[in-house]
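All residue numbers for the sequence shown refer to the UniProt record's numbering, where the first residue is 1 and numbers rise by one.
Idealized CB from N, CA, C, for every residue including glycine.
What you are looking at is a predicted structure, and each value in this text was computed from that prediction instead of being measured.
Some notes on the structure that comes next.
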Amino acid sequence: MSDSASHINELPPEILAHIFGFCDCKASNCKRLLQLATVCKHWHEVLMAYPQFWTTLECTIPTKLKNEPHTVVPALVSHLQQWFERAGDLPRSLTLSFEVAARKTGLLYDFLVGSPKWESLAFNLALEGASNWVWLEGLIAAAEKYGEPCWPELVALEIDAPAVRYHAGRFSLPLMTIAPNLKQLKVTIAELQASIFTIFEGFSWSTLTHLEFSGALGEESLTFYLHILSHAPRLEGLKVLDQQSDMSPASALPTIRLPVIHPTLRYLGLHDSPNTMTLLRSICVPSLKCLEISRSYCPSPQNVIQPPPTTPLTDAIRILVSASQCEIKDLRLKWTPLTDGDLYGVMTVVPSVEYVELDEAACFWPATLEAFFGRMQQANEEGHPILPQMRRFSYNEGYMCRLVREGTPAFHLFREAPLEWWRATPDNSNYSS
Numbered sequence: 001m002s003d004s005a006s007h008i009n010e011l012p013p014e015i016l017a018h019i020f021g022f023c024d025c026k027a028s029n030c031k032r033l034l035q036l037a038t039v040c041k042h043w044h045e046v047l048m049a050y051p052q053f054w055t056t057l058e059c060t061i062p063t064k065l066k067n068e069p070h071t072v073v074p075a076l077v078s079h080l081q082q083w084f085e086r087a088g089d090l091p092r093s094l095t096l097s098f099e100v101a102a103r104k105t106g107l108l109y110d111f112l113v114g115s116p117k118w119e120s121l122a123f124n125l126a127l128e129g130a131s132n133w134v135w136l137e138g139l140i141a142a143a144e145k146y147g148e149p150c151w152p153e154l155v156a157l158e159i160d161a162p163a164v165r166y167h168a169g170r171f172s173l174p175l176m177t178i179a180p181n182l183k184q185l186k187v188t189i190a191e192l193q194a195s196i197f198t199i200f201e202g203f204s205w206s207t208l209t210h211l212e213f214s215g216a217l218g219e220e221s222l223t224f225y226l227h228i229l230s231h232a233p234r235l236e237g238l239k240v241l242d243q244q245s246d247m248s249p250a251s252a253l254p255t256i257r258l259p260v261i262h263p264t265l266r267y268l269g270l271h272d273s274p275n276t277m278t279l280l281r282s283i284c285v286p287s288l289k290c291l292e293i294s295r296s297y298c299p300s301p302q303n304v305i306q307p308p309p310t311t312p313l314t315d316a317i318r319i320l321v322s323a324s325q326c327e328i329k330d331l332r333l334k335w336t337p338l339t340d341g342d343l344y345g346v347m348t349v350v351p352s353v354e355y356v357e358l359d360e361a362a363c364f365w366p367a368t369l370e371a372f373f374g375r376m377q378q379a380n381e382e383g384h385p386i387l388p389q390m391r392r393f394s395y396n397e398g399y400m401c402r403l404v405r406e407g408t409p410a411f412h413l414f415r416e417a418p419l420e421w422w423r424a425t426p427d428n429s430n431y432s433s
């Protein structure tokens, strides 16, 4: 037997392709894939012969798209066609990121609408102060005119336009006629000056497993959340940050049977507001494992009035846990102003929690954290420790994080004397991971 090592190119093509699969070829917008394809002719031929390497592409468009006779759009479409033709019949994923607002582009619409193999589509617009997104409106209109669902295999759709404000009647997603088998939907906008129902009019929720929406709403949205939980039986994750004001009155509950029971929901993320408190008291989610109450922005002191010493979040979560008989394992409070009494109370009503994550505004007023950890330590001294199953605790402030994990000396101190652990941090401001 010869001891000399074989050259990698002597391996069968299928083995070489399998090795390439470990190289994370889709990283950095497939740059690694292109680098491998230029190493030698043999590698180029192997990569071209295996369609799984050509199923994903992210495209950033830094200039304004113009229709013919300009060549930008035809060149872009030609590039996309050549890339995805190599993927054969495999499902495809495309991300288009626009840095400049684009006008309606018929040729690009035809390409996107004419391919039934999309599994994932993402459209991003990084433009400040925009009103509506004309290009996206044109795409949705073209998809509607197709005559039948143009994206029958689409599983995930993302629309990320965090600075775009939509006027009434300008944003709709008739997904039942475009992508009837959609499972994951994420929408991020700055504001919708209309009811959120107008986006999803005529949409069937039966296939959806994950929904995420972020953006200020012109109308209250409590009825919409209850509608989703009543009509999306397969939903596992729901996150809605609607930026409702602290001063917004809670909406009247719809005339439906309460609590709304949803047996499969495992993750629930909501914007802190009076409506959220009402929602938590109106649902039953026995499979819930992760609860996140957050803000889509960090409130400044002048915009938040310190509430009286009541415990609205504690009361709402207590009712939720009691009605659902759920075991929440992961609790996240992000940018949510709470008094120390409410913060401590929340911890007492979720004894099953293993992971706790707090952001600085979750403890907005200066004395909140000191008092919170003091209450925790007092409970320990009285023989009634809270969060008996906790394995990790983190407190975030800016770019710094104070993190303790099970099995470390710091965690032992945190469990035995949480106030001492907190005070051991110099000036309560310089944290280390």
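- For D110, there is no enclosing beta strand (DSSP E); the residue is found in the alpha helix (DSSP H) stretching over 106-114.
- Non-local beta-carbon contacts of V349 in its own chain, meaning distances under 7 Å to residues more than five positions away in sequence, involve T314, I317, R318, V321 in chain order.
- Per DSSP, I178 is one residue of the alpha helix (DSSP H) stretching across 175-178.
- Nearest C-alpha to T276 among A141, P286, I293, K183: I293.
- 9 Å or more divides the Cβ of F98 from the Cβ of L57.
- When DSSP reads this structure, G407 sits in no beta bridge, so it has no partner.
- Between L157 and the set E212, E144, R170, the nearest pair of CA atoms involves E212.
- Residue environment analysis places V113 among the buried positions, since at least 16 neighbouring C-beta atoms fall within 10 angstroms of its C-beta.
- D89 and I199 have their C-alpha atoms some 32 Å from each other.
- K145 has its alpha-carbon roughly 10 Å from the corresponding atom of L139.
- With distances taken between CA atoms, T177 lies nearest to L154 out of R392, F197, L154, E191.
- The DSSP assignment places 56-61, 92-98, 118-125 as complete runs of the beta strand (DSSP E) inside the region 54-132, in order along the chain (cut-off: 3 residues).
- Under the three-state reduction of DSSP, Y395 is assigned to strand.
- Counted as a single uninterrupted DSSP element, the alpha helix (DSSP H) harbouring I140 occupies residues 134-144.
- Closest option to A87, judged by alpha-carbon separation, among A75, T60, Q52, D160: Q52.
- Burial check for P409: the Cβ neighbour count within 10 Å stays below 16, so the residue is exposed.
- Secondary-structure assignment with DSSP links A156 through a beta bridge to S120, Q184.
- Looking at P388, E416, L387, E360, the one whose alpha-carbon comes closest to that of C401 is E360.
- For H412, the secondary structure class from DSSP, reduced to helix, strand or coil, is helix.
- For R332, the enclosing beta strand (DSSP E) has its first and last residue at 330-334.
- Bridge pairing for C290: Y267, D330 [DSSP].
- Less than 9 Å separates the beta-carbon of T339 from that of T311.
- With respect to I283, L229 sits close: the two C-beta atoms are nearer than 9 Å.
- Apart from sequence neighbours up to five positions away, the residues of its chain that approach Q184 with a beta-carbon distance below 6 Å are A156, H210, ordered along the chain.
- The Cβ atoms of L238 and L265 lie closer than 9 Å to each other.
- The Cβ atoms of H262 and L235 lie closer than 9 Å to each other.
- Residue environment for P418: buried (at least 16 other C-beta atoms within 10 angstroms of its C-beta).
- Annotation for L320: the continuous alpha helix (DSSP H) segment containing it runs 312-324.
- Per DSSP, the continuous alpha helix (DSSP H) segment holding E370 begins and ends at 368-381.
- The C-beta of Q244 has 16 or more other C-beta atoms within 10 Å across all chains shown, which makes the residue buried.
- The beta carbon of A232 sits closer than 6 Å to the beta carbons of W205, L208 from its chain, once the five residues preceding and following it are set aside; these are given in chain order.
- Residues of the same chain with a CB within less than 6 Å of the CB of I159, apart from the 5 flanking positions on each side, are F123, V187 in chain order.
- The beta carbon of F373 sits closer than 6 Å to the beta carbons of P418, L419, W422 from its chain, once the five residues preceding and following it are set aside; these are given in chain order.
- Beta-bridge partners of S214 (DSSP): T188, L241.
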